[in-house]
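The block underneath contains the structure these notes are about, expressed in structure tokens.
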Amino acid sequence: MEDDLISKKQLLDLTGISYGQLYRWKRKQLIPEEWFIRKSTFTGQETFFPKEMILSRIHNIVNMKDGLSLDEMADKLSDKASFEKVSITAKEIVERNIVSTTTLRKFGESLGDENKYTFEGLVHLFAVDRLLSAGEMSMEEAELLFRTLQEKVSRLENGSWELFFVRKMGVSSFILAQAPAELWFDEGVRLVSKMTYADLIEQLKGKLAYKLVE
121 MEDDLISKKQ LLDLTGISYG QLYRWKRKQL IPEEWFIRKS TFTGQETFFP KEMILSRIHN
181 IVNMKDGLSL DEMADKLSDK ASFEKVSITA KEIVERNIVS TTTLRKFGES LGDENKYTFE
241 GLVHLFAVDR LLSAGEMSME EAELLFRTLQ EKVSRLENGS WELFFVRKMG VSSFILAQAP
301 AELWFDEGVR LVSKMTYADL IEQLKGKLAY KLVE
């Protein structure tokens with residue numbers, strides 16, 4: 121989907137970083153090579169990026185760079201396994217504005233120990249909170265989404281998934297698929313939102329990096 125991509129020019133304008141910074145971060149492997157996507161346009165070849173992931177990664181780099189070298193940042197941001205071992209308290213979740221208190225109170229208790237949350241549980245809360253905070257779904261739909269994530273994600277290989285939130289004639293559905301997924305809908309279906317596990321992890325990395333240096 122074209123809406124999932126952002127051009128290099130748009131990225132530089134939006135973030136305020138320079139061309140040199142972008143490619144220096146690429147050389148240091150702070151930004152993965154595969155995120156640089158070459159596409160043909162009416163003006164020739166242009167470079168695009170997965171929008172949500174690159175914006176989250178740049179936010180993380182900018183907010184981490186004062187305390188770490190570029191090599192240290194690359195190690196931390198690429199260390200997915202360490203993030204997935206992180207556990208976090210309800211107090212930390214609220215203090216770091218990771219998930220709203222409304223979402224935490226509504227769904228947090230169903231994850232078991234309300235004083236400590238696993239990374240997987242946090243991802244599910246974060247996904248629900250993103251759509252609720254954006255005003256894209258009702259609390260009833262949020263309950264359906266949370267239940268879907270809790271019950272179905274474990275069936276997917278390697279924990280790599282994409283979520284499609286659609287509506288047709290006022291009826292909402294959540295489609296959870298192994299990533300990467302390509303889905304086609306009939307004309308009566310409206311895609312409200314799409315999110316991926318990789319995107320959610322990327323957004324959480326900057327908020328949780330402090331846990332890796334404790």
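All residue numbers for the sequence shown refer to the numbering used here, where the first residue is 121 and numbers rise by one. Cβ coordinates follow ideal geometry from the N, Cα and C atoms, glycine included. As the structure is a prediction and not an experimental result, all values here were calculated from the model.
Cβ distance (whole Å) where residue i is taken to contact residue j below 8 Å
i	j	result
F284	K314	5 Å
E261	S292	5 Å
Length of the line joining the Cα atoms of residue i and residue j
i	j	result
K205	T163	46 Å
Q270	R147	38 Å
R267	V309	22 Å
T221	S258	16 Å
S127	T316	20 Å
H179	E166	23 Å
M121	L276	Low confidence applies to M121: its pLDDT is 48, below 50, so where it sits in the model is not reliable, and the reading given next is rough at best. Going from the Cα of M121 to the Cα of L276 covers about 22 Å.
F168	Q141	16 Å
N183	V248	25 Å
F239	G290	33 Å
S273	L252	Per the sequence presented here, residue 273 reads as Val, with Ser not at that position. Taking the straight line joining both Cα atoms gives about 20 Å.
L296	E263	15 Å
Y143	L132	12 Å
V333	S207	Confidence in V333 is poor, its pLDDT being 46 and thus under 50, which makes the residue's placement unreliable; the coordinate value appears in the next sentence. Their Cα atoms are separated by approximately 14 Å.
T135	E172	13 Å
V214	T223	10 Å
G228	G241	8 Å
R216	L328	9 Å
A254	S138	30 Å
S160	L125	13 Å
Q130	L265	32 Å
R250	Q298	21 Å
Other residues of its chain near residue i: CB distance less than 7 Å, five sequence neighbours each side excluded
i	result
L150	I181, L190, M193, A194, L197
Q323	S176
W145	I151, I181
Proximal residues to residue i (C-beta, below 6 Å), its chain only, five neighbours per side dropped
i	result
K288	G308, V309
L175	none
L311	V286
Option nearest residue i by Cα separation, candidates the options
i	options	result
R225	L245, R216, S207	L245
G326	I218, S280, R250, L311	I218
E282	D124, L265, A318, E212	A318
V243	K159, R216, I321, S160	I321
Close Cβ partners of residue i (< 8 Å) along its chain, the five nearest in sequence each way excluded
i	result
L188	K196
Problem - Contact the stretch 143 to 156 vs the stretch 302 to 314: 3+ CB pairs below 8 Å - result: no
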